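Q: My questions all concern the structure below.
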Amino acid sequence: MGQIENAITMEVIIRKAVPSDAKPVASVLNSVILEARYTALTNTFTAEEERDFIKGLCPRSAMFVAEVGNQIVGIQVIEPDGLARYTDSMQHVATIGTWIDANFRGHQIGRSLAEASFTFAKTENFEKVSIQVLADNTRALRFYGNLGFEQIGVAKKHVKFEDRFCDVFYLEKFLTDGS
Ligand SMILES: CC(C)(COP(=O)(O)OP(=O)(O)OC[C@H]1O[C@@H](n2cnc3c(N)ncnc32)[C@H](O)[C@@H]1OP(=O)(O)O)[C@@H](O)C(=O)NCCC(=O)NCCS
1 MGQIENAITM EVIIRKAVPS DAKPVASVLN SVILEARYTA LTNTFTAEEE
51 RDFIKGLCPR SAMFVAEVGN QIVGIQVIEP DGLARYTDSM QHVATIGTWI
101 DANFRGHQIG RSLAEASFTF AKTENFEKVS IQVLADNTRA LRFYGNLGFE
151 QIGVAKKHVK FEDRFCDVFY LEKFLTDGS
């Protein structure tokens with residue numbers, strides 16, 4: 001039986017990341033970065049950098065991890081919009097990012113992480129979540145669409161890889177409309 005079939009029958013545990021998760025968290029994140037298709041991130045992270053990131057999360061930020069059989073297979077980070085550090089007027093906006101190990105995609109692990117993130121976001125009084133997705137990342141667009149995100153615009157050639165430009169779709173979801 002392959003790894004994917006095992007994953008289907010295994011329980012998925014969602015919990016907040018702690019600094020000692022840094023190595024497996026970096027491993028999942030780096031595996032997606034090295035696929036070079038789904039994220040604007042181009043440089044991998046060391047375990048030390050990831051440990052510092054987890055330690056440095058502010059009280060209104062969280063990293064959730066998905067564990068299957070004691071292995072971290074997915075992560076999601078929710079944090080205040082970057083501009084919120086400069087103004088009180090954007091404290092209601094959060095951003096998220098999701099990275100699932102390629103062997104564990106399509107099993108609702110992303111959805112389970114998002115449920116934890118949305119619950120956390122509501123507790124922290126965020127009213128909307130926004131995200132940028134590479135325009136050709138059809139799986140992510142469908143994933144976020146299924147979660148209630150609406151596409152609100154496109155930034156043309158917003159990402160420049162060594163060999164190509166990519167457009168970026170802006171998506172948002174309001175947490176205050178009963179969804
Ligand atoms: C996008 C991603 C986070 C989704 O997580 P996931 O655990 O695979 O998602 P789920 O199983 O909860 O939901 C998968 C949904 O994606 C869609 N999907 C699944 N496989 C797909 C495929 N091959 N092509 C297009 N859409 C697909 C389906 O709509 C599915 O939902 P549904 O079957 O309930 O309708 C994950 O695939 C991933 O980490 N991809 C690489 C990194 C990435 O793109 N991150 C987001 C960047 S902004």
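When you line the sequence shown up against our numbering, it's residues 1 to 179, in that order.
Built from N, CA and C at the ideal position, the CB exists for glycine as well.
Model, not experiment: these values are computed from the prediction.
Within the present structure, is the beta-carbon of H107 separated from the nearest heavy atom of ligand 1 by less than 6 Å?
A: Yes.
Q: Identify the residues that DSSP records as bridge partners of S130: which are they?
A: Per DSSP, T95, E172.
Q: Please determine, among E162, D21, N146, the residue with the shortest C-alpha to C-alpha distance to E67.
A: With distances taken between Cα atoms, E67 lies closest to D21.
Q: Cutting at 6 Å between CB atoms, please list the residues of its own chain near V44, excluding the five before and the five after it.
A: At residue 44 the sequence reads Thr, which differs from the Val that was named. N30, I33.
Q: Rounded to the nearest angstrom, what separates E124 and G110 at their Cα positions?
A: The alpha-carbon atoms of E124 and G110 are separated by roughly 21 Å.
Q: Take the Cβ of V18 as the centre, count every other Cβ of all protein chains shown within 10 Å, and call the residue buried at 16 or more, exposed below.
A: Classification for V18: exposed.
Q: Please name the residue in G69, G153, V129, Q76 whose C-alpha comes closest to that of V93.
A: Nearest of G69, G153, V129, Q76 to V93, Cα basis: V129.
Q: If you follow the alpha helix (DSSP H) that E48 is in, where does it begin and where does it stop?
A: Element bounds for E48: 47-55.
Q: Mind listing, in chain order, the continuous alpha helix (DSSP H) runs of no fewer than 4 residues lying wholly within the stretch 76-123?
A: Complete alpha helix (DSSP H) runs here, min 4: 109-123.
Q: With distances taken Cα to Cα, identify the nearest neighbour of F53 among H107, K23, D81.
A: Selected option, being the one with the closest Cα: K23.
Q: Keeping to the same chain, check which residues put their C-beta closer than 6 Å to that of M90; ignore five residues upstream and five downstream.
A: Contacts found: D81, L83, A84.
Q: Of all the CB atoms in chain B, is at least one closer than 7 Å to the CB of L175?
A: The structure shown contains no chain B; it is built from a single protein chain.
Q: Could you check whether the Cβ of G110 sits closer than 6 Å to any heavy atom belonging to ligand 1?
A: For ligand 1, at least one heavy atom lies less than 6 Å from the Cβ of G110.
Q: Roughly how many angstroms separate the alpha carbons of R37 and N137, rounded to a whole number?
A: One C-alpha to the other measures close to 8 Å.
Q: Here's the rule I'm using: 16 or more other beta-carbon atoms within 10 Å means buried, otherwise exposed. How should I13 be labelled?
A: Exposed.
Q: For D101, count neighbouring C-beta atoms within 10 Å of its own C-beta (all shown protein chains included) and say buried if the count is 16 or more, exposed if not.
A: Result: buried.
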